[in-house]
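Report on one structure; see the data block that follows.
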Amino acid sequence: MGLAVLALALLALQSPQPEPQFLIVPQLGVAPIGAHDTLPTLSSVSASCRVGATSATTRLTVAIESAAQEPTAVVLWMPLPAAPTSTAVHGDDGAELAHRVIARDSAPDSAMDWAKRVAAPAPLEFAGHALLEAGPFELTTGSQSIVITYEHALPDRSADAGRPARVYELPRSETGQGFEVPWIFDVRVALDSDLADVFCPSHRLERERVALDELRLTSTAGRYPEPGPLVLFPIASNDMLDTLLVASPTLPDKPEAGGYFALIAAPSAAVRKAARGRAREVTFVLDTSGSMAGKKFEQAREAARQVLESLRPDESFNLILYASDVQPLFAAPVAADEKHLSEARDFLAQASTGGSTNIDDALKYALRPDAAAGKLPLVLFLTDGRPTMGVKDERTLLALADERNAAGRRLFTFGVGDDLNAPLLDGLANRSGASSRFVAPEEDIELAVGEVLERLTGGILARPVLRAVDEHGRELVDAVTHVLPEHLPDMFADDQLLVLGRYSGLAPIALELQGDFLGQPQTFRTTLEPARAAGGNDYVPELWAARRNAALIDTIRSAGAGGDTPAKLQQYAVELLRLGLRFGALTEYTAFLTLDGQATEPQEKWLQLTLKLLTDRALRARVGRAAVTQSINAGSMRQQAVLNRMNRHLDGTSHEVVLTGVIPLGDRAYFLRQGTWVDSRLLEPGARTEVDQ
571 MGLAVLALAL LALQSPQPEP QFLIVPQLGV APIGAHDTLP TLSSVSASCR VGATSATTRL
631 TVAIESAAQE PTAVVLWMPL PAAPTSTAVH GDDGAELAHR VIARDSAPDS AMDWAKRVAA
691 PAPLEFAGHA LLEAGPFELT TGSQSIVITY EHALPDRSAD AGRPARVYEL PRSETGQGFE
751 VPWIFDVRVA LDSDLADVFC PSHRLERERV ALDELRLTST AGRYPEPGPL VLFPIASNDM
811 LDTLLVASPT LPDKPEAGGY FALIAAPSAA VRKAARGRAR EVTFVLDTSG SMAGKKFEQA
871 REAARQVLES LRPDESFNLI LYASDVQPLF AAPVAADEKH LSEARDFLAQ ASTGGSTNID
931 DALKYALRPD AAAGKLPLVL FLTDGRPTMG VKDERTLLAL ADERNAAGRR LFTFGVGDDL
991 NAPLLDGLAN RSGASSRFVA PEEDIELAVG EVLERLTGGI LARPVLRAVD EHGRELVDAV
1051 THVLPEHLPD MFADDQLLVL GRYSGLAPIA LELQGDFLGQ PQTFRTTLEP ARAAGGNDYV
1111 PELWAARRNA ALIDTIRSAG AGGDTPAKLQ QYAVELLRLG LRFGALTEYT AFLTLDGQAT
1171 EPQEKWLQLT LKLLTDRALR ARVGRAAVTQ SINAGSMRQQ AVLNRMNRHL DGTSHEVVLT
1231 GVIPLGDRAY FLRQGTWVDS RLLEPGARTE VDQ
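Below, the structure written as structure tokens:
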């Protein structure tokens, strides 16, 4: 019996493997080997990741559809982030499929072999990775799944200054190939004494703290993820504010050329818990003009009630209704005790709509009172219209708001609908260290206010400022420049603070983050060492470029408040074009650069077109849907902490635009020109004949 079994086993080993007909790469799609009438398709890829402080487990479920009438032989081939400690590949029935791991030094040969067999260069993108190859195995007609599981240690890069000590990476295509295949991410991070949080610059994921020791990150429903690898940087834990400093030199082999930095700060678990007890002073200012009548007002009234019910007894509040006249419930914020809350509920119940929009006086009543001692002063200001009574001039209103806000209240603005001055609401919010939120006609006002209110819980760091100093504490004026955002926002319990900027020179630079930390002045220091900075943090210059775009657009739109054209408009336009070309960071004013026909256009025409778009849109469009969408676009870039490699933005009618003619890659980009990807440095003025090798 034993000999018979051995003979059968040897026979099986000698049986020829079926010749593969298709190559399946989850990150790219399905490539035929030879000519075929029908191709299998990838329905989706679900990535379930479990990340700890030093290791991770990744499970990919690849859903495949085959319309072929006969079984087809396929090979599954995919990149791995590093040499795995264990791997497994299973089919639908749970049976393990034969596979092998190809070491990184042998990967170029494998990639070249498959590129030749599928007659396409796509596999070469992963020639620098370790690889997993499974099969050949048979696909049957219909739906089936292949499950790949691997474990690996997070590589230790602590020897490189300016790089996170550990990093989790799930390789995916940088080029946008396979973009039509939905990737669904579900990441669970085990938090402990060594790991406080993770920073994800690569993809927009929903964050949920499912427990004190677990963080969950998931894909946004119904949204295709950006191209490029999923990257997570663990943030080490300490007793107060956890910081991560990342550097990206402009030229890795020439550190003296300077570069870009990212400072990420997140509160520790102990600080988050302590911050939950910090009291707020909340003033809700509600537009009751005639245009608010009906469903809008009912939703806004419910939003106000929601604010009231969120208050704790140790917090303070006020309610202000305004139309032609202003009706404050109290002369100044009062304690959120049951007596005052009952008065507020009655006040809201009796409120009605009618009259004009007196934004000037409403701001005066909201901002002038002294702030309650020891409490974080917040204003939630809601309107659906333009100022039609009192002061109407945009610049004057902004100046008056600054003058009246001696208490340093954060003025969060909510614009409802389209018939409003969007740049005015942006300016009021931005200048106070807050943010604006625009609610489309079909959106729910109560939900929008609730989302903002939920975030404004547990104030941790107020009025933060970043300083660059030397080892003696003396401020360095030119060592760090173009820090964005220019005015750092307050940090709340569930926030991460991301500060981006440029650095120069080789001397160590101490970065001091100062502010009111849990009610007390505090300074947090970390050191940037340019001489030891290593490459590989391409997301840093890309994020910096997006925020630089926002700062320029804010400046241009602010100048349009008085109907003027800024003297530096051409200079701003040139910089927007430079950012678009060098980094692939495009805006609605430079999106035309992705049009293939622009390859033959003179660069002077690019400038004239950008100037026209800035004049017609950024300067002149103050009211209406086009103005609102510009504010939404600028706000997204202003707060951008995640790559936007598809350059998603809204057009003037609120439809999402996705630009596929450009691939941003760190401090350079590639534009599609007549079927060829062209290094953008060849397109920059004065750079047609000299490009860094």
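Numbering (the working numbering), first residue to last: 571 to 1263.
Even glycine gets a Cβ: it sits at the ideal position worked out from N, Cα and C.
Quick caveat: nothing in here was measured; it's all calculated off a predicted structure.
Cβ-based burial, residue i [other Cβ within 10 Å; buried from 16]
i: Ser1250; result: buried
i: Leu576; result: Reliability of the predicted coordinates at Leu576 is poor, the pLDDT of 42 falling under 50, and the value obtained from them is presented with this limitation in mind. Flag for Leu576 reads exposed.
i: Arg1095; result: exposed
i: Leu694; result: exposed
i: Val1198; result: buried
i: Asp930; result: buried
i: Thr628; result: buried
i: Arg846; result: exposed
i: Glu666; result: exposed
i: Pro883; result: exposed
i: Ala992; result: buried
i: Leu1253; result: buried
i: Gly1044; result: The amino acid occupying residue 1044 in the given sequence is Arg; Gly does not appear at that position. Classification for Arg1044: exposed.
i: Leu649; result: For the sequence presented, residue 649 should be read as Pro rather than Leu. It is buried - the Cβ of Pro649 has at least 16 other Cβ atoms within 10 Å.
i: Thr853; result: buried
i: Leu1076; result: exposed
Own chain, CB closer than 6 Å to residue i, minus 5 neighbours either side, in chain order
i: Val1019; result: Ala873
i: Ser713; result: Glu635
i: Ala832; result: Val816, Leu1070 and Val1110
i: Arg1148; result: none
i: Ala633; result: Ser613, Ser614 and Ser715
i: Thr611; result: Glu635
i: Pro691; result: Ala685
i: Leu573; result: The pLDDT assigned to Leu573 is 48, lower than 50, so where the model puts this residue is not dependable; a value taken from the coordinates is nonetheless given after this. Closer than 6 Å at the Cβ level, and outside the excluded window around Leu573, lies no residue.
i: Leu933; result: Ala971
Counterpart residues of residue i in DSSP-defined beta bridges
i: Gln1084; result: Val1035 and Thr1093
i: Thr1265; result: This structure leaves residue 1265 out entirely; the chain is present only between 571 and 1263.
i: Asn991; result: Val1193
i: Arg786; result: Arg758 and Glu778
i: Pro649; result: Leu701
i: Arg1208; result: The partner list for Arg1208 (beta bridge, DSSP) is empty, contrary to what the question assumes.
i: Ala673; result: According to DSSP, which records beta bridges pairwise, Ala673 is partnered with nothing at all.
i: Ala626; result: Val621 and His722
i: Glu1045; result: Val1039
i: Arg979; result: Answer by DSSP bridge pairing: none, since Arg979 is not bridged.
i: Thr657; result: Tyr720
i: His1219; result: Val1227
i: Tyr1073; result: Gly829 and Val1050
i: Met1061; result: Leu1031
i: Asp767; result: Ile805
i: Tyr892; result: Asp857 and Val896
Other residues of its chain near residue i: CB distance less than 7 Å, five sequence neighbours each side excluded
i: Arg1238; result: Arg1152, Asp1249, Ser1250 and Arg1251
i: Glu589; result: Ala643
i: Leu1229; result: Leu1156, Ala1161, Thr1164, Met1216 and Asn1217
i: Leu814; result: Pro734, Phe769, Phe803, Ile805 and Ile834
i: Gly997; result: Leu968 and Ser1128
i: Asp783; result: Ala760, Leu761 and Asp762
i: Thr1246; result: none
i: Leu724; result: Thr624, Ser625, Ala626, Arg736, Val737 and Tyr738
i: Leu1181; result: Leu1139, Gln1140 and Ala1143
Chain D within 8 Å of residue i, Cβ atoms only
i: Lys945; result: Going by chain labels, chain D is absent from the structure shown, which holds only one protein chain.
Close beta carbons around residue i, own chain, < 8 Å, minus the five adjacent residues each side
i: Val557; result: Residue 557 cannot be examined here, being either before or after the span of the chain that is shown, 571 to 1263.
i: Val688; result: Leu593, Ala601, Pro602 and Ile603
i: Leu1046; result: Ala1038, Val1039, Asp1040 and Ile1079
Delimiting residues of the alpha helix (DSSP H) encompassing residue i
i: Ser1264; result: This structure does not reach residue 1264, given that the chain is present from 571 up to 1263, and the question cannot be answered.
i: Thr966; result: Glu964 to Arg974
i: Val1273; result: For residue 1273 there is no data in the structure shown, the boundaries of the chain being 571 and 1263.
i: Val1284; result: Lying before the first or after the last residue shown, residue 1284 is absent from the chain, which here runs from 571 to 1263.
N-terminal and C-terminal residue of the beta strand (DSSP E) that residue i is part of
i: Pro1234; result: Val1232 to Leu1235
i: Gly599; result: Gly599 to Pro602
i: Pro725; result: Element bounds for Pro725: n/a, residue is neither H nor E.
i: Phe1162; result: Note, Phe1162: premise wrong, no beta strand (DSSP E); not H, not E.
i: Leu946; result: Leu946 to Thr953
i: Leu1242; result: Arg1238 to Arg1243
i: Val737; result: First-last for Val737: undefined, no H or E at that position.
i: Asp1249; result: Thr1246 to Asp1249
query = Considering only residues of the stretch 802-888, which uninterrupted alpha helix (DSSP H) runs meet the minimum length of 4 residues and lie entirely inside it, listed in chain order?
reply = 839-845 and 865-880
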